[in-house]
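See below for the structure under consideration.
In the working numbering, the protein residues as written are 3 to 155.
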């Protein structure tokens, strides 16, 4: 596990993601948060150094709210992003521009990979138990009527 690639809690009990695996993103992050002293700990194999870095990052991210981190690092190439709720994600302009929101109750975010020349797919969510019989038969279960009568399925 690398502390430079993880989810961290913020001052408002929300979360941000740090995904600075590449050295230049890590260096940018350390400079942006005025912690150049952490640069050399990137991808350390020393368990004590890894634990110390993770503790430093835990404490650092707890100093500001999720939205403060997002605003403060918005113009930096740091690979830090806010973790959004489903409601926030659905309203996000980038998500909206990709036309992947499936309206319904509740609305959901559809499959994000889009392209040309791809046929239609069935991305519907199956009803509870819709495929139970098929799956059980594929695994050799033969007493489906008994299982249904006994309330097992």
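We put the CB at the ideal spot given by N, CA and C, even for glycine.
Contact with chain C by residue i, beta-carbon distance below 8 Å
i, result
"residue 141", "Annotation note: the requested chain C is absent from the structure, which comprises a single protein chain."
Rounded C-alpha distance that separates residue i from residue j
i, j, result
"residue 18", "residue 90", "14 Å"
"residue 41", "residue 58", "12 Å"
"residue 147", "residue 124", "29 Å"
"residue 39", "residue 13", "23 Å"
"residue 22", "residue 129", "40 Å"
"residue 54", "residue 44", "12 Å"
"residue 48", "residue 151", "58 Å"
"residue 71", "residue 155", "48 Å"
Residue i - DSSP class collapsed to helix/strand/coil
i, result
"residue 8", "strand"
"residue 83", "strand"
"residue 155", "coil"
"residue 18", "strand"
Of the listed residues the options, nearest to residue i (C-alpha basis)
i, options, result
"residue 109", "31, 126, 133 and 10", "126"
"residue 115", "105, 97 and 107", "97"
"residue 10", "151, 65 and 150", "65"
"residue 77", "86, 27, 112 and 107", "27"
Buried or exposed (CB count within 10 angstroms, at least 16 for buried), residue i
i, result
"residue 133", "exposed"
"residue 88", "exposed"
Query raised in the report: What beta strand (DSSP E) runs, 3 residues minimum, are completely inside the region 46-120?
Result: Entirely contained in the region 46-120, the beta strand (DSSP E) runs reaching 3 residues are, in chain order, 82-84.
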